[in-house]
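Notes for the one structure printed next.
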Amino acid sequence: MSESERDTLSVWDVLKPTADKLSGVDRLLMGAGILLKSKFQDNITIATLIEGHAGRRPQHDAITFENQRYTYAQLNANANRYARVLKAGGIEKGDVVGVLLGNRPETLFIVAALAKLGAAAAMCNTKQRGDVLAHSLGTVKPKAMLVGDELFDAFEEIRGESGIAGLSPLWLVPDSSRAAASPAPEGWTDFLAEAANQPTGNLDDAADVSSSDTCFYIFTSGTTGMPKASRMSHVRWLRGGAGLGMAGLRLTPDDRFYCPLPLYHNNALTVSWSSVLCAGATFALAPKFSVSNFWPDVRRHKATVFCYIGELCRYLLQADPDENDRNHAIRAVIGNGLRPDIWDEFKARFGIERVCEFYGASEGNLVFVNGFNMDRTAGFCPLPFAVVEYDPETEEPVTDDNGRMKEVKKGETGLLLNKVTDFAPFEGYTDPEASEKKLFRGVFKKDDCYFNTGDLVRRQGMRHIAFVDRLGDTFRWKGENVATTQVENALNAFSQIEESVVYGVEVPHSDGRAGMAAITPVRDLEDIDWAALVSHLRDELPDYAVPVFIRLRPEQEVTGTMKYRKVDLKKQSYSPEGDEPVYMLKSGADRYEAIDDTTREALADGDINL
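Note that the UniProt record's numbering numbers the sequence shown so that position 541 is 541, with each residue one more than the last.
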């Protein structure tokens, strides 16, 4: 392990009195105070935060988006108008409403409106299509749908599916920045037209909402191969804002937080927006991430903070250097997945002084945060956790003769487990069986319970960890979690494929793991119609889940317990192995092509854009 990856931390690393670590201590203490009080106060919700800011700082910018600007008074007024439409449509406390919209202010108004009623927004992944989208909605059983006109066709494709057919009302949400092109289609109601003339005063319903109630669902990929709905309560959302935004970033009302990530992603809706609302700051929302528009947009919004995923940072670094790379007001960034190999370069090139890296799963019960601004660490957590020995061959934690797990030593890598307690409960999924599968019981003693993160981390000491890798049947690519079983199902549905095994492989100069499949054709290896396969996969899967590499093999290897030997396949990666040719789908291509030595060299040098 290289020194640059920071194996361990000492007391001196944490406590050395740099000016940066001492700055914003008041915000850190305020955030810590909110975290402690959240255990005992049951009346703090998204709605009460917004209403409080609307009363205290009504003309302060709450949201900026392209050329639009909304103050806290306007945010609250829009949320109230939307809530009245929802209530008139039969939405009440405890209901779930599907939300399928892109990044725009209306999406935030909708989340706030549902929160005021005690209802939950099911934040659909806008890249999902067909069976995957239908499955996601089926897991939460929404009472109604709110669909943006930009995603109308995606929903209409599945509207008749079991579990979705008969939803009512169906609200279409036009883009408010332009006039509606035509009346809402038959069976749909124009949501914005209904909201236009509603009263803007606060609703009494918000007083009946508890911080333990669900505010929204985020869909996360799981080992079942299909997305699971991860529950987010108001209190867990609030703790994210207090711990990450105030204690970590030291946010103040003067900060302007730039977010180019999709609002169906927890880094946007929980990490970013909760941080903004806890501090009373400004949320500068982008329609989507763009390398070419990123820094000009940051300057236009006068942003002081932005949220990232690791891939975003690498994309920015891969752009040609520009004289304006440091021409911005960014004082800190927050996110996860900034890899050690680019950490220092990213800070130096763009003049970033504070990297608030954090670690936390969408459904997890703990969050680690780099609150002391140290390099190459996912941060600190004061609550109980363990890093235990893990056997990659059996894909199980190592246990002693009594069946108890064993913790790794400082500097070693193991499986991260978060202890489940009254203060840090596991809120789980909508599926109780799936929730139980994420828990280990009797880890160190009879009655204990731990959440299995499914991630390998390095135990750095001083209650800090560094992320190492994702385990099992899920890997991360292009900022999204890819469930291998979902991809295998799509491959096996192709008539020319007998059997497939999907896994992620590392590619130089890229974050995460690129999808790779080892497939056994029905007939000869040469009979695959590569163009037809690509067309099929793009119809069945989100673009990020389509495998980049494919290995052809006459048969699959299995263990004595009939499990596929993915460990060996991952080691082989996209290198040739005997008579097993490897193919690659290049960016923008419509068919897989055989890899040769020139292609492998180009991948090693980072000359192929994935």
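Glycine included, C-beta positions come from ideal geometry on N, C-alpha and C.
Every value quoted in this text rests on a predicted model; they were computed, and no experiment measured them.
The beta carbon of L9 lies closer than 8 Å to those of M374, T377, Q460, G461, M462 and H464 in the same chain, with the five residues before and after it left out. Residue state for H328 is assigned as coil, using DSSP reduced to three classes.
Positions of the beta strand (DSSP E) runs, each at least 3 residues long and wholly inside the region 69 to 102, are given as 96 to 100 in order along the chain.
Take the alpha-carbon of S362 and the one of N266: they are about 6 Å apart.
Going by beta carbons, P554 and T520 fall inside the 8 Å limit. Between A332 and E357, the gap from beta carbon to beta carbon reaches 8 Å or more. Counting only the Cα atoms, Y503 lies some 7 Å from F475. When the five nearest sequence neighbours on each side are left out, the beta carbons in the same chain lying within less than 7 Å of the beta carbon of L114 are those of L86, V97, A120 and A121, in order along the chain.
With fewer than 16 other CB atoms across the displayed protein chains lying within 10 angstroms of its CB, E557 is exposed. Boundaries cannot be given for I595, as no beta strand (DSSP E) includes it and DSSP labels it neither H nor E.
For D7, the closest C-alpha among the options E412, L170, Q318 and G442 is that of E412. The region 327 to 410 contains, as complete beta strand (DSSP E) runs of 3+ residues, the segments 332 to 336, 354 to 359 and 385 to 388 (chain order). One thing to note: N103 has its Cβ within 8 Å of the Cβ of P287.
In terms of CA proximity to T139, P227 leads the group P227, D213, I44 and N609. By the Cβ-count criterion, V387 is buried, with 16 or more other Cβ atoms from all chains shown falling within 10 Å of its own Cβ. The beta carbon of F494 is closer than 7 Å to those of L533 and H536 in its chain, skipping five residues each way along the sequence.
If you look at W295, you'll find it in the alpha helix (DSSP H) that goes V291 to R300. Assigned with DSSP and collapsed to three states, A514 falls in strand.
N125 is a Cβ neighbour of Y264, given a cutoff of 8 Å. For the 8 Å CB-CB criterion, L261 and A268 form a contact. In this structure, V501 places its C-beta atom within 8 Å of the C-beta atom of E488. Straight-line spacing of the CA atoms in A589 and K446 works out to 55 Å.
Annotation: the continuous alpha helix (DSSP H) that includes Q486 extends over T484 to N492. DSSP places H135 in no beta strand (DSSP E) but in the uninterrupted alpha helix (DSSP H) bounded by G130 to V140. Of the candidates P340, N370, D205 and R159, N370 places its Cα closest to the Cα of G243. By the Cβ criterion, the region 87 to 94 is in contact with the region 143 to 162, since at least three pairs of Cβ atoms, one from each stretch, lie closer than 8 Å.
For S230, the secondary structure class from DSSP, reduced to helix, strand or coil, is strand.
If you keep only unbroken alpha helix (DSSP H) runs of at least 4 residues inside the region 411 to 479, you get 432 to 437. Beta-bridge partners assigned by DSSP to Y308: G335. Take the alpha-carbon of G52 and the one of E393: they are about 54 Å apart. Beyond the five residues adjoining it in sequence on each side, A531 comes within less than 8 Å, by CB distance, of D590 and R591 in the same chain, given in chain order. The residues A77, N80 and R81, in chain order, have a CB closer than 7 Å to that of T200 in the same chain once the five nearest residues on each side in sequence are set aside. Under the DSSP assignment, R551 falls in the beta strand (DSSP E) whose first and last residues are F549 to L552. Residue burial is scored here from C-beta neighbours: R231 has at least 16 other C-beta atoms within 10 angstroms and is therefore classed as buried. When C-alpha distances from V111 are compared across V132, L75 and L338, the shortest belongs to L75. The region 397 to 410 and the region 426 to 439 do not touch, with fewer than three beta-carbon pairs separated by less than 8 Å.
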